[in-house]
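Asker: Here it is: the structure, laid out below.
Residue numbers (my numbering): 203 to 371.
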């Protein structure tokens with residue numbers, strides 16, 4: 203049985219919200235990535251692009267899988283040594299980034315460079331998700347949110363090829 207895309211999308215959006223991530227916060231990351239390249243970009247356009255990314259089945263699968271693994275790690279329900287690796291967001295694990303790249307892959311090479319940059323600098327909600335507060339595990343979520351933002355930014359760049367140049371001023 204194949205689950206309907208609409209059902210997956212609703213679950214993915216619900217999970218993001220339940221983990222404290224809003225579409226506006228992801229839109230702000232898109233703005234961060236594109237403000238120097240697309241003249242007159244607005245948060246509304248950025249959120250619209252995020253919403254478009256969130257219609258893709260590959261994105262739903264990554265969100266649902268990653269957040270479920272984060273929740274299981276919070277509850278101590280993963281087998282050792284995976285429990286410790288995910289709970290501690292071990293730097294050499296890398297599977298969290300690989301899952302996120304499945305999102306970025308939908309939007310081409312610009313998505314990969316956007317993702318690498320935003321994952322490195324971790325602005326906005328990404329900094330909060332990566333804080334390792336001891337209560338919540340966001341090993342997968344921070345990378346997933348960064349990948350959604352990178353994909354939405356890439357989508358905007360592809361839609362505005364004439365506007366996508368570095369704005370000096």
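No residue lacks a Cβ here, since even glycine has one placed at the ideal position from N, Cα and C.
The structure displayed is predicted, hence computed values, not measured ones.
Cα separation between residue 338 and residue 273?
Answerer: Against the chain shown, residue 338 aligns to sequence position 136. Against the chain shown, residue 273 aligns to sequence position 71. So the two alpha carbons sit approximately 8 Å from each other.
Asker: DSSP state of residue 255, grouped into three classes?
Answerer: Here residue 255 corresponds to residue number 53 of the chain shown, with the count starting at 1. Residue 255: helix per DSSP, three-state reduction.
Asker: Using CA coordinates, which residue listed in 341, 270 and 251 is at the minimum distance from residue 235?
Answerer: Counting from one through the chain shown, the residue named residue 235 turns up at place 33. The option with the nearest alpha carbon to residue 235 is 251.
Asker: Please tell me whether residue 351 and residue 231 are closer than 7 Å, where the distance is taken between their beta carbons.
Answerer: As a position in the chain shown, residue 351 is number 149, starting the count at 1. As a position in the chain shown, residue 231 is number 29, starting the count at 1. In contact: residue 351 and residue 231 (Cβ atoms closer than 7 Å).
Asker: Quick check on the burial criterion: 16 or more other C-beta atoms within 10 angstroms. Buried or exposed for residue 233?
Answerer: Taking the first residue of the chain shown as position 1, residue 233 is located at position 31. The residue is buried, with at least 16 neighbouring Cβ atoms inside 10 Å.
Asker: Go to residue 215, then tell me how far its alpha helix (DSSP H) extends in each direction, as first and last residue.
Answerer: Counted from its first residue, the chain shown places residue 215 at position 13. Note, residue 215: alpha helix (DSSP H), 207-220.
Asker: At a Cβ threshold of 7 Å, is residue 337 touching chain D?
Answerer: Among the chains in the structure shown there is no chain D, since it carries only a single protein chain.
Asker: Three Cβ pairs or more, each shorter than 8 Å: is that satisfied between the region 327-336 and the region 292-300?
Answerer: Contact between the region 327-336 and the region 292-300 is absent, because fewer than three Cβ pairs lie under 8 Å.
Asker: So, with DSSP's three-state summary, where would you put residue 295?
Answerer: Within the chain shown, the letter at position 93 stands for residue 295. Coil.
Asker: Counting pairs of Cβ atoms below 8 Å between the region 312-326 and the region 272-286, do you hit three or more?
Answerer: No contact exists between the region 312-326 and the region 272-286.
Asker: Considering only the beta carbon of each residue, do residue 343 and residue 215 sit closer than 7 Å?
Answerer: Along the chain shown, one-based indexing puts residue 343 at 141. Along the chain shown, one-based indexing puts residue 215 at 13. Taking 7 Å as the Cβ cut-off, residue 343 and residue 215 do not qualify as a contacting pair.
Asker: From residue 320 to residue 332, what distance separates their C-alpha atoms?
Answerer: As a working note, residue 320 is residue 118 in the chain shown. As a working note, residue 332 is residue 130 in the chain shown. Rounded to the nearest angstrom, the two C-alpha atoms are 12 Å apart.
Asker: So residue 266 packs on residue 322, CB below 8 Å; how close in whole Å?
Answerer: As a first step, residue 266 is located in the chain shown; it is residue number 64 there, counting from the start. As a first step, residue 322 is located in the chain shown; it is residue number 120 there, counting from the start. Not quite, the Cβ-Cβ distance comes to about 26 Å (not below 8 Å), so this is no contact.
Asker: Roughly how many angstroms separate the alpha carbons of residue 363 and residue 206, rounded to a whole number?
Answerer: Stepping through the chain shown from its first residue, residue 363 is reached at position 161. Stepping through the chain shown from its first residue, residue 206 is reached at position 4. Their backbone Cα atoms lie some 34 Å apart in a straight line.
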